[in-house]
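So the sequence shown is numbered by my numbering: it starts at 137 and just counts up by one. Note that CB positions come from ideal geometry on N, CA and C, so glycine has one too. Notes follow the structure.
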Amino acid sequence: MIRIFIGYDPREAVAYHVCANSIVRHARQPVAITPLALHTLPDESKAVMCVQHDYKTKAQGKYLGSKNQDYPRKNWSSVVLWNCGHPANRVVTPAFVENGSGAQLHRFTWLADELIGALPREWNWLPQELGPNPDAKLLHWTLGTPCFHEYADDPMAAEWHRERLLADYSQQRHG
(Lines of atoms letter the chains of each structure in order from A; the text may use other names.)
(Lines give C-alpha, C1' and ligand atoms only; values in the text may rest on other atoms or scores of the structure.)
Protein backbone atom coordinates (compact mmCIF):
# COMPACT_ATOMS: atom_id res chain seq x y z
CA MET A 137 0.00 0.00 0.00
CA ILE A 138 1.33 3.40 -0.97
CA ARG A 139 0.59 6.11 1.62
CA ILE A 140 0.00 9.53 0.04
CA PHE A 141 -0.51 12.83 1.84
CA ILE A 142 -2.15 15.70 -0.05
CA GLY A 143 -2.45 19.24 1.22
CA TYR A 144 -6.06 20.30 1.83
CA ASP A 145 -7.29 23.88 1.74
CA PRO A 146 -11.05 24.34 2.28
CA ARG A 147 -10.94 27.43 0.04
CA GLU A 148 -10.24 25.09 -2.90
CA ALA A 149 -11.48 21.70 -1.70
CA VAL A 150 -12.05 20.68 -5.29
CA ALA A 151 -8.26 20.75 -5.86
CA TYR A 152 -7.73 18.04 -3.22
CA HIS A 153 -10.51 15.87 -4.65
CA VAL A 154 -9.33 16.19 -8.24
CA CYS A 155 -5.78 15.31 -7.21
CA ALA A 156 -6.95 12.30 -5.17
CA ASN A 157 -9.17 11.09 -8.00
CA SER A 158 -6.32 11.38 -10.47
CA ILE A 159 -4.05 9.36 -8.17
CA VAL A 160 -6.66 6.62 -7.73
CA ARG A 161 -7.31 6.46 -11.49
CA HIS A 162 -3.62 6.14 -12.37
CA ALA A 163 -2.42 3.98 -9.46
CA ARG A 164 -1.01 0.59 -10.33
CA GLN A 165 -1.21 -0.64 -6.75
CA PRO A 166 -3.39 0.17 -3.71
CA VAL A 167 -3.07 3.67 -2.27
CA ALA A 168 -4.05 5.24 1.04
CA ILE A 169 -4.66 8.97 0.66
CA THR A 170 -4.57 11.24 3.67
CA PRO A 171 -5.61 14.90 3.40
CA LEU A 172 -2.77 17.20 4.49
CA ALA A 173 4.31 12.46 -1.35
CA LEU A 174 5.05 10.79 -4.23
CA HIS A 175 6.07 7.97 -6.52
CA THR A 176 9.03 6.61 -4.64
CA LEU A 177 12.43 7.33 -6.05
CA PRO A 178 14.22 6.92 -2.71
CA ASP A 179 17.86 7.43 -1.90
CA GLU A 180 18.18 6.12 1.65
CA SER A 181 21.20 8.36 2.30
CA LYS A 182 18.99 11.45 1.98
CA ALA A 183 16.77 12.83 4.74
CA VAL A 184 14.35 14.25 2.17
CA MET A 185 14.07 14.27 -1.59
CA CYS A 186 12.36 17.00 -3.57
CA VAL A 187 12.41 18.81 -6.88
CA GLN A 188 15.02 21.49 -6.40
CA HIS A 189 13.42 24.33 -8.34
CA ASP A 190 15.64 27.28 -9.20
CA TYR A 191 13.46 29.97 -10.74
CA LYS A 192 12.04 33.44 -10.18
CA THR A 193 8.26 33.63 -10.10
CA LYS A 194 6.48 35.36 -12.97
CA ALA A 195 3.58 36.55 -10.81
CA GLN A 196 3.38 38.95 -7.88
CA GLY A 197 0.08 37.52 -6.69
CA LYS A 198 -1.66 34.18 -6.56
CA TYR A 199 -5.05 32.70 -5.74
CA LEU A 200 -7.51 34.71 -3.67
CA GLY A 201 -5.20 37.73 -3.61
CA SER A 202 -2.33 36.12 -1.70
CA LYS A 203 1.15 37.58 -2.21
CA ASN A 204 3.58 35.48 -4.22
CA GLN A 205 7.15 36.10 -3.14
CA ASP A 206 10.47 34.70 -4.28
CA TYR A 207 12.64 33.06 -1.64
CA PRO A 208 15.42 30.47 -1.53
CA ARG A 209 14.24 26.93 -2.24
CA LYS A 210 10.81 28.13 -3.36
CA ASN A 211 8.42 25.19 -3.86
CA TRP A 212 10.97 22.60 -2.72
CA SER A 213 8.71 21.57 0.16
CA SER A 214 5.55 21.30 -1.94
CA VAL A 215 6.33 17.70 -2.96
CA VAL A 216 8.62 15.83 -0.59
CA LEU A 217 9.67 12.23 -0.25
CA TRP A 218 10.51 11.97 3.46
CA ASN A 219 12.94 9.43 4.84
CA CYS A 220 11.28 9.33 8.26
CA GLY A 221 13.95 6.97 9.61
CA HIS A 222 16.87 9.25 8.73
CA PRO A 223 18.71 10.43 11.88
CA ALA A 224 18.75 14.05 10.66
CA ASN A 225 14.94 14.10 10.78
CA ARG A 226 14.76 13.17 14.48
CA VAL A 227 14.61 16.88 15.28
CA VAL A 228 11.34 17.16 13.36
CA THR A 229 9.04 16.70 16.33
CA PRO A 230 5.55 18.14 16.79
CA ALA A 231 7.10 20.92 18.90
CA PHE A 232 9.70 21.66 16.21
CA VAL A 233 7.00 21.98 13.56
CA GLU A 234 4.71 24.00 15.83
CA ASN A 235 7.44 26.45 16.84
CA GLY A 236 9.45 26.62 13.61
CA SER A 237 8.93 29.44 11.16
CA GLY A 238 7.57 28.81 7.71
CA ALA A 239 10.98 29.74 6.30
CA GLN A 240 12.75 27.16 8.50
CA LEU A 241 10.34 24.40 7.56
CA HIS A 242 9.97 25.14 3.85
CA ARG A 243 13.72 25.56 3.35
CA PHE A 244 14.73 22.43 5.34
CA THR A 245 17.09 24.54 7.47
CA TRP A 246 17.81 21.66 9.89
CA LEU A 247 19.41 19.67 7.07
CA ALA A 248 22.86 19.94 5.53
CA ASP A 249 22.62 20.49 1.77
CA GLU A 250 24.01 17.03 1.02
CA LEU A 251 21.08 15.44 2.91
CA ILE A 252 18.54 16.94 0.49
CA GLY A 253 18.18 14.65 -2.51
CA ALA A 254 16.87 15.69 -5.90
CA LEU A 255 13.79 14.31 -7.62
CA PRO A 256 13.27 14.77 -11.37
CA ARG A 257 11.49 18.05 -12.23
CA GLU A 258 8.53 16.26 -13.80
CA TRP A 259 7.47 15.14 -10.29
CA ASN A 260 6.66 18.73 -9.27
CA TRP A 261 6.02 20.50 -12.55
CA LEU A 262 4.88 24.13 -12.27
CA PRO A 263 2.93 24.70 -15.51
CA GLN A 264 2.05 28.30 -14.65
CA GLU A 265 5.72 29.15 -14.15
CA LEU A 266 7.48 26.72 -16.51
CA GLY A 267 4.91 26.21 -19.28
CA PRO A 268 3.50 22.95 -20.63
CA ASN A 269 5.34 19.63 -20.28
CA PRO A 270 3.75 16.47 -21.73
CA ASP A 271 6.16 14.37 -19.64
CA ALA A 272 5.07 15.88 -16.31
CA LYS A 273 4.07 13.31 -13.68
CA LEU A 274 2.62 15.74 -11.12
CA LEU A 275 1.26 19.20 -11.90
CA HIS A 276 1.62 21.75 -9.11
CA TRP A 277 -0.68 24.72 -9.54
CA THR A 278 1.47 27.04 -7.44
CA LEU A 279 -0.39 30.22 -8.40
CA GLY A 280 -3.86 28.66 -8.07
CA THR A 281 -5.72 25.66 -9.39
CA PRO A 282 -7.74 25.98 -12.60
CA CYS A 283 -10.95 25.97 -10.51
CA PHE A 284 -10.33 29.72 -10.15
CA HIS A 285 -11.49 31.66 -13.21
CA GLU A 286 -8.23 33.56 -13.59
CA TYR A 287 -6.31 30.26 -13.93
CA ALA A 288 -8.91 28.26 -15.89
CA ASP A 289 -7.00 28.56 -19.17
CA ASP A 290 -3.43 28.33 -17.86
CA PRO A 291 -0.92 25.95 -19.47
CA MET A 292 -2.04 22.34 -19.01
CA ALA A 293 -5.31 23.40 -17.35
CA ALA A 294 -7.17 21.04 -19.70
CA GLU A 295 -5.55 18.14 -17.81
CA TRP A 296 -6.94 19.48 -14.53
CA HIS A 297 -10.41 20.08 -16.00
CA ARG A 298 -10.50 16.53 -17.40
CA GLU A 299 -9.60 15.09 -13.98
CA ARG A 300 -12.25 17.28 -12.36
CA LEU A 301 -14.91 15.95 -14.74
CA LEU A 302 -13.81 12.39 -14.01
CA ALA A 303 -13.90 13.07 -10.25
CA ASP A 304 -17.51 14.21 -10.66
CA TYR A 305 -18.50 11.35 -12.99
CA SER A 306 -21.38 8.97 -12.37
CA GLN A 307 -22.68 6.50 -14.92
CA GLN A 308 -26.40 6.83 -15.56
CA ARG A 309 -28.83 4.00 -16.18
CA HIS A 310 -30.28 4.04 -19.67
CA GLY A 311 -33.96 3.40 -20.31
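Whole angstroms are fine: how far does the CA of residue j sit from the CA of residue i?
i      : j      : result
Trp259 : Cys155 : 14 Å
Ser202 : Ala195 : 11 Å
Tyr191 : Ala163 : 30 Å
Gln205 : Trp277 : 15 Å
Glu234 : Val227 : 12 Å
Val187 : Arg309 : 45 Å
Val160 : Ile169 : 9 Å
Gly143 : Lys210 : 17 Å
Leu360 : Leu241 : With the chain represented from 137 up to 311, any question about residue 360 goes unanswered, as that position is not in the structure.
Glu180 : Gly311 : 57 Å
His222 : Gly197 : 36 Å
Asn269 : His189 : 15 Å
Arg257 : Pro263 : 11 Å
Gly238 : Thr193 : 18 Å
Tyr199 : Leu279 : 6 Å
Ala303 : Asn157 : 6 Å
Lys182 : Cys220 : 10 Å
Gly253 : Ala224 : 13 Å
Val167 : Gly236 : 31 Å
Per the DSSP calculation, residue i is bridged to which residue(s)?
i      : result
Gly197 : Lys203
Val216 : Cys186
Arg139 : Ala168
Locate the alpha helix (DSSP H) running through residue i, then write down its first and last residues.
i      : result
Arg161 : Ala149 to His162
Got a sec, what are the start and stop residues for the beta strand (DSSP E) residue i sits in?
i      : result
Val167 : Val167 to Pro171
For the structure I just gave you, are there three or more beta carbon pairs, one from the stretch 279-297 and one from the stretch 138-157, closer than 8 Å? yes
In the stretch 229-302, which residue ranges form an unbroken alpha helix (DSSP H) of at least 4 residues, counting only runs that do not cross its ends? 230-235, 238-242 and 263-266
Between the stretch 295-303 and the stretch 234-253, do at least 3 Cβ pairs fall closer than 8 Å? no
Check whether the stretch 286-293 and the stretch 210-223 touch, using three or more Cβ-Cβ pairs below 8 Å as the test. no
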